[in-house]
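*Asks:* Heads up: the sequence shown begins at -12 in the working numbering, then just goes up one per residue. A virtual CB, placed ideally from N, CA and C, is assigned to each residue, including glycine. Pasting a structure here, questions to come.
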Amino acid sequence: MPRTGRNKSKTKIYHLILRGINKQTIFEDDEDRIKFIQTLKECKNRSSMEIFAYCLMSNHIHLLIKEGKEDLGITMRRLGAMYVYWYNWKYDRCGHLFQDRYKSENVEDRNYLLTVLRYIHQNPIKAGIVNDIKNYRWSSYAEYIGNTGITDTSFILSIFSENGSNATERFTEFHKTIQTENCLEMDESKRIHDEDAKQIILRISSINIPSHIQLLDHNTRDEFLKKFKKEGLSTRQIARLTGIPRGIILKA
């Protein structure tokens, strides 16, 4: 059956999640994250969209954006295609990297706009990566408290106050409250943190990055997969970090 069209937001503001196919890792190192942000900036300039927030996690990305002069779907396809082309070239791979259709929700009022904003910025805390938002490099939070970047901060800050210093102070205080409201999200529950699991994979297999498991011959690959599972890594987690389909991992 054909897919149904997405409901248009009256404000043209959306909360989006892009995630790796089979939940695999989409950022192997900082160079990858920098490249994605550069690509996002290029797509922003071409589409005239506004970026209110972003957060790059290991296997997914949160965006809070306002649609520009072109349809959001076109912008997101361009973003995905440009990054994947570069990623595949860098890692000598082919095929898809992102799940084929991004998840989205409409943001129709100011209160929910701020709710989503805080939710996105608090993702690294929820994932146990940092204890303080300001210590996470790969989100738009730092751009709201003084750093320059790709985020359109003026509109959000004006909601807190018309005075610049007061706005920043209130913005910071707002983010100290732990998010309790439900937003569009992914189920990321796991027994072993992804960073620890990644180190287990690298230690056992003696490869440079987890996705290179795909390049090994099938027998060697399957032996490593068995060892990963014995170390306590779940099938979903192995698939997420290596890009190997779950069916293959289950059979190993």
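1) Would you report the Cα separation of S126 and H108, rounded to the nearest angstrom?
2) Provide the residue span of the beta strand (DSSP E) that contains F39, from first to last.
3) Taking the straight line between their C-alpha atoms, what separation do you get for G230 and S198?
4) Answer with buried or exposed for Q186, where buried requires no fewer than 16 other C-beta atoms within 10 angstroms of its C-beta.
5) Inspect the CB distances between the region 77 to 92 and the region -7 to 5 and report whether three or more fall short of 8 Å.
6) Could you spell out where the beta strand (DSSP E) holding E299 opens and where it closes?
7) Is it true that the region 47 to 58 meets the region 26 to 38, where meeting means three or more beta-carbon pairs spaced less than 8 Å apart?
8) Are the region 5 to 25 and the region 73 to 88 touching by the rule of at least three beta carbon pairs closer than 8 Å?
9) Determine the DSSP secondary structure at R124, reduced to helix, strand or coil.
10) Out of L237, I38, S221, F23, point me to the one whose CA is closest to V103's CA.
11) What separation, rounded to the nearest whole angstrom, lies between the Cα atoms of Y131 and R233?
12) Pull up the distance between the alpha-carbon of R190 and that of Y99, whole angstroms please.
13) Using 8 Å as the limit for Cβ to Cβ distance, is I187 near chain C?
14) Is the CB-CB distance between W73 and K22 below 8 Å?
15) Name the two residues that bound the continuous beta strand (DSSP E) containing H180.
16) Entirely within the region -3 to 73 and at least 3 residues each: give me those beta strand (DSSP E) ranges in chain order.
17) Can M63 and N110 be called in contact, C-beta distance under 8 Å?
18) Ordered along the chain, which non-local residues of its own chain (more than five positions away) have a Cβ less than 7 Å from that of F211?
*Replies:* A quick look at the data gives this:
1) 7 Å
2) 37 to 43
3) 6 Å
4) exposed
5) yes
6) Nothing about residue 299 can be read from this structure; the chain reaches only from -12 to 239.
7) yes
8) yes
9) coil
10) I38
11) 40 Å
12) 44 Å
13) Protein chains in the displayed structure number just one, and chain C is not present.
14) yes
15) Here H180 belongs to no beta strand (DSSP E), and DSSP marks it neither H nor E.
16) 0 to 6, 37 to 43, 47 to 53
17) no
18) I191, S192, I200
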